Structures are given as structure tokens and as C-alpha cells.
Amino acid sequence: MKFSPARNEVQRYARAGCYDVLPVSTEILSDICTPIEAMRILKNASTHCFMLESAVANEKWGRYTFLGLEPRLEVTCVDGYMKIAGKEFRTDDPAAYLRSILSEYRSPRLDGLPPFTGGLVGYFSYDFLAYSEPSVRCPARDTEAFKDVDLMLFDKVIAFDNIRQKIVLIANMRLADGDAGYERAVEELRALATLLRTGQKKREPAGRLLAPVTPLFDKEQYCSMVRRAKEYIREGDIFQIVLSNRLSAPFEGSLLNA
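Take a look at the structure:
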């Protein structure tokens, strides 16, 4: 297997003094598995993994599919209580802590690599806006128990290049670790390649709905919301609003097989 950058190039990035981590990569052919098959392998190998699929205009398949497993860090925040690596504390500015985390993972953009080579993966809920704009805070109770922030930091990435028909394997090393860090990254890449070639896929039942889909608001309730929204616009209180009506149904099985 060929690894990039070469070992003798690592010191050049370390001497630059403006990076903390360096993505080390290798490539294998993508005919060994599909992204969905790879995700089933990752689910069998790790309790925490992700898949980010891409699409472009006209619903065409995007170039890259990103997967990862075994996050280095988990970060959550609920109602001002933030948890980082298992330690919980109170904060009114979770974004400051996220910036602090990312400031320790400065990485060069290397030619030939996908646009995502590692970092935070997850979601920010609507309620996250309330930390910077308190007027949008929703007093209603969140019955779905969504977190304000739910992120994981991944330093190993599997990127399917759907144009070149290659799988780009990426493992980030700490530049401060020198040769030992490079060797660890190479071993992690070898392990990822072996996992994709020989790993067992997690067996899960196909997903299915257990009851009909039901809306959160019935037709009359929703129409009433529309009328109120139009009135607020006419009065000049707002200039735009996006109304939604969540659809839900009990479900069992795997979404990958749905």
C-alpha cells in the first residue's frame, strides 16, 4: 500500500508551526463493497459510526460518500449543560467550547484528498440558536428529547470517490508525535482496509412501520396556523415564517434496510 504524504514530508508540515494534525491517506479499489455494505461493517465493529451521503442538483449522485467510526470525542449540550468527554458543566456559550476544540485540530488542505478529512459530525438543533438569540427560545417541552448539540469528533474517515471508483482511507496523526504518530496512522489505515475487505456485516431486520403515519397537527389546526401567520405578516410583526407539521409513526428495524 502507498501512503501519502510520505514519512519524510511530515517534518515539513510540523516545522510550519500552523497545523496540529496531518491527514495520512491511502487508496483501495471501491469494488470490494458499497457504502451501505461498508456502513453495515462499521456498525458491527463500533457502537459509534456515521455515513454522510451527498447529492447535487437534479437529485444526481454526489461525488463523495463519507463514513467513519470510533470517534475520538463526544460533545453534547442540552439546556445549557454541556458534556465533553464525559465531563459535564454549565455554559451559556457552547459555541466557544466547540471553537476551542477545533482550534486544536488545525489541518492542512492536501491536494488530491476529499473536502472532508476528519472533524465534527452530528447536528445542531433549532434550539441551539437560542444561545446567541434568546428571542427564539421555545418554551414548549421537547417531547422528542433532541439535544441542542450532538457531535462526535472523528479522526478516521472512509471516503468513497464515486467518480474515480476508489475508496480513500484517512487517518489523522498528531504532528507533535513525529515518526511514532505517522506509524500509528499507517497501522490504522491498514486496519481500515482489512476491516472493509474481511469485516462481518451487522445483521438487522428490515425497517417497517408498525402503524400509519400521523401528523402532529390536523388539517384545521394547520390551516389556523397559516391564517395566524398571514395576519402577523400583514401587521408587520414578521416578514417570513416556515410552518411545519411533523409526521410520525412507530418503527422497528434498520433504516439501512428500509
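Under the numbering used here, the final residue of the sequence shown carries the number 290; numbering is consecutive throughout. Just so it is clear, CB atoms sit at the ideal spot from N, CA and C, and this is done for glycine as well. Computed from a prediction, not measured in an experiment: that's the story for all the values here.
Contact under 8 Å by Cβ, residue i with residue j
i	j	result
ASN204	PRO103	no
ASP211	ARG39	yes
ARG169	ALA177	no
SER86	SER57	no
ASN277	LEU248	yes
ASP180	SER157	yes
GLU59	VAL200	yes
ILE190	ALA70	yes
Classification of residue i by the beta-carbon crowding that lies within 10 angstroms, buried from 16 upward
i	result
PHE98	buried
SER33	Per the sequence shown, residue 33 should be read as Met rather than Ser. Looking at its Cβ environment, which holds fewer than 16 other Cβ atoms inside 10 Å, MET33 is exposed.
PRO67	buried
ILE73	buried
CYS81	buried
SER62	buried
ILE273	exposed
ILE116	buried
THR149	buried
GLY100	buried
CYS255	exposed
PHE121	exposed
Three-way DSSP call (helix, strand, coil) for residue i in this model
i	result
ILE60	strand
ILE270	coil
THR123	coil
VAL153	strand
ASP159	helix
ASN277	coil
MET184	strand
ILE199	strand
GLU100	Note that residue 100 corresponds to Gly in the displayed sequence, not to Glu. Note: GLY100 maps to strand in three-state DSSP.
TYR214	helix
Cut-off 7 Å between Cβ atoms - residues of its own chain near residue i, not counting five sequence neighbours on either side
i	result
GLU220	LYS188, ALA203
Given residue i as reference, the closest of the options once Cα atoms are compared
i	options	result
GLU106	ARG122, GLU85, VAL153	VAL153
CYS50	ARG122, GLU252, ARG138, ASP124	ARG138
ALA281	THR246, TYR155, LEU287	THR246
GLN43	LEU228, GLY213, GLN253	GLY213
LEU134	GLU267, ASP52, SER286, GLN253	ASP52
TRP93	GLY151, ASN194, VAL110	ASN194
PRO237	PHE160, SER286, LEU224, VAL258	SER286
Min CB distance residue i to chain C below 8 Å
i	result
SER139	Chain labels in this structure do not include chain C; a single protein chain is all it has.
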